Amino acid sequence: MAVLDYVAPATVDEAVAVLKQNGQTARVLAGGTDLIVQERERRRDVGVMVDVKGIPELTQVTIGADGSLKVGAAASCASLYRNPDVQKKFPALVDSASLIGGIQIQSRASLGGNLCNSSPAADSIPTLIALGATCEIAGPGGRRSVPVEDFCTAPGRNVLGDGEMLVSLTFPAPAAHSGAAFERFIPRNEMDIAVTNAAASITLSADGSKFESARIAIGAVAPTPLFVKAAGDALVGQPVNAETIEKAAEAARAAATPITDMRGSAEQRKHLAAVLTRRVINKAIERAKA
Amino acid sequence: MTKRIVSTTINGEVVEFLSDPGTSLLDALRDTVGLTGSKEGCNNGNCGACNVIMNNELVNSCCVLAVESNGGTITTIEGVAQGDHLHPLQTSFLEEAALQCGICTPGFIVAAKALLDREPNADEARIRHWLAGNLCRCTGYDKIVRAVLDAAEDMRAGAKA
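Sequences listed follow chains A and B, in order. Just so we're aligned, residue 53 is where the first sequence starts under the working numbering, counting upward by one. Just so we're aligned, residue 1060 is where the second sequence starts under the working numbering, counting upward by one.
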């Protein structure tokens, strides 16, 4: 199937109407770095390209009065990592946004696109999960919210129904004494797909001696990016030391159910799930104390 | 399939052309507009040979729809030199022999220009990181990085003069 039409709606309602009218053959075009290539390589049928970058709500990056962050689903990675507020308050998002492809990709690719593409190895999704993001979805029936850890359902699949689109991601304000970080393992320095990746977001007690809360997520080790609740729970209420962190790393290893493919073996990925979990917790602690 | 009229400023000139909705900006530039300096390498966003600057951002033109450039501003490799006067990056690529077969060169020069326009003081680490999305199978990259460092120095000296 060739691309038959291109529309650039000015509002979310218009976009939803086009999506509903055209069913599955209409696809939302954000940065296009996945969609345009998938269409070209006939991995996805696209009849109508619905370019949402003309909708202000879809590209805005705003900090609310309560310190929460709202990121339009089509805001580019570059617009995020160049944003001084994001750099200061949400460095884990900068970790992810500056690792997705090269500079040329980052000027177009978006967190929303990365999420909706729903790859198990997506480099932003563990960070979105660790930071406790909420997805705002618009559809023919109105708007609804979904916790980001419930968004992906299988490789390339997610909870978006007919006529629905992701509008924005909202991140709660970072608590005092909190920090978050993301890391990915690849065999080279840039421009590769994760063998395994991981993100952690932690809050420490005021004196920095104990973990008060923690969320950990790992990627490329299951059909979807995984929220590992057990890994976060292993930290809560416990002293900040190597022994505690090791328990969280072990929980991540236990939760990982990877496959062996050309990027790495299942055994290596389970090992990496533990190693990266340990590293992101340590980096998050550093940031929490900074 | 409805063709669209696309009106965009390319290298300082307003250009109007007709495009199918699914045609990439790269194909439109090469086949419709007749600007063949941007190259097709991988055609999937990995190699950077098709790099252009669109609305002040470095992009892979193979991963942009031509219709998306409507109303925009584009710089291609053809717009980097001023008439017969080469850009410092082009001069330094020649002087450092930073190319062999040449297919990646337009992409590298456009990408490096996008960097130096934004960050005139970029150091070697920054240059290497910025150019990670451009692949070269001939030079081994060192000569390219040296050429960009030299051009940056020339451009800084030129800016002071």
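Think of the CB as a built atom: it goes at the ideal place given N, C-alpha and C, for glycine as much as any other residue. Please read all numbers here as calculations on a predicted model, not as lab measurements.
- [ ] Please go through the stretch 211 to 251 of chain A and give each complete beta strand (DSSP E) segment of 3 or more residues, from N-terminal end onward.
- [x] 217 to 223 and 230 to 237
Open item on the list: As a quick exercise: from A:M101, A:T77 and A:V70, pick the residue whose alpha carbon is nearest that of S1083 (chain B).
Closed with: A:M101
Open item on the list: If I measure Cβ to Cβ from V55 (chain A) and keep anything under 8 Å in the same chain, skipping five residues before and after, which residues do I get?
Closed with: E91, V98, G99, V100 and M101
- [ ] Measure from the alpha carbon of A251 (chain A) to the alpha carbon of each residue in A:L183, A:Q112 and A:G154, then state which is nearest.
- [x] A:L183
TODO: Tell me the start and end of each unbroken beta strand (DSSP E) in the stretch 92 to 170 of chain A that is at least 3 residues and wholly inside, in chain order.
DONE: 100 to 103, 113 to 115 and 121 to 124
Open item on the list: How far does the beta strand (DSSP E) with E1068 (chain B) in it extend, from its first residue to its last?
Closed with: Per the sequence shown, residue 1068 (chain B) should be read as Thr rather than Glu. According to the DSSP assignment, T1068 (chain B) belongs to the beta strand (DSSP E) that extends over R1063 to I1069.
TODO: In angstroms with no decimal places, state the Cα-to-Cα distance between V70 (chain A) and S162 (chain A).
DONE: 21 Å
TODO: Report all residues from its chain with a CB closer than 6 Å to the CB of L180 (chain A); omit the five preceding and five following residues, and keep chain order.
DONE: V200
Open item on the list: Tell me the rounded alpha-carbon separation between T1095 (chain B) and H1144 (chain B).
Closed with: 20 Å
- [ ] Mind checking who C204 (chain A) pairs with in its DSSP beta bridge?
- [x] A:N210
Open item on the list: Please report the straight-line C-alpha distance between I1162 (chain B) and M243 (chain A), rounded to a whole angstrom.
Closed with: 20 Å
- [ ] Return no unless some Cβ of chain A is closer than 8 Å to the Cβ of P1080 (chain B).
- [x] yes
Open item on the list: Tell me the rounded alpha-carbon separation between S1120 (chain B) and C168 (chain A).
Closed with: 22 Å
- [ ] For I254 (chain A), decide whether its Cβ has a neighbour in chain B, counting only Cβ atoms nearer than 8 Å.
- [x] no
Task: Three-state secondary structure (DSSP) of G194 (chain A) - done: Annotated three-state conformation of G194 (chain A) is strand, per DSSP.
Open item on the list: Contact criterion: CB-CB distance below 8 Å. Does V55 (chain A) meet it with respect to chain B?
Closed with: yes
- [ ] Give the secondary structure of V280 (chain A) by DSSP, where H, G and I count as helix, E and B as strand, and everything else as coil.
- [x] Per DSSP, reduced to three states, the secondary structure at V280 (chain A) is coil, with no helix or strand assignment.
Task: DSSP-derived helix/strand/coil call for L87 (chain A) - done: helix
Open item on the list: Can you look up E1099 (chain B) in the DSSP assignment and give me helix, strand or coil?
Closed with: In the structure shown, the three-state DSSP call for E1099 (chain B) is coil.
Open item on the list: Short of 8 Å in beta carbon distance, which residues of its chain neighbour V68 (chain A), apart from the five on each side in sequence? Order them along the chain.
Closed with: A190, G191, P192, G215, E216 and M217
Open item on the list: Measuring only the C-alpha atoms, how far is G260 (chain A) from K335 (chain A)?
Closed with: 14 Å
TODO: Report yes or no: is there a C-beta of chain A within less than 8 Å of the C-beta of A1191 (chain B)?
DONE: yes
Task: Helix, strand or coil at A78 (chain A) according to DSSP, with G and I counted as helix - done: strand
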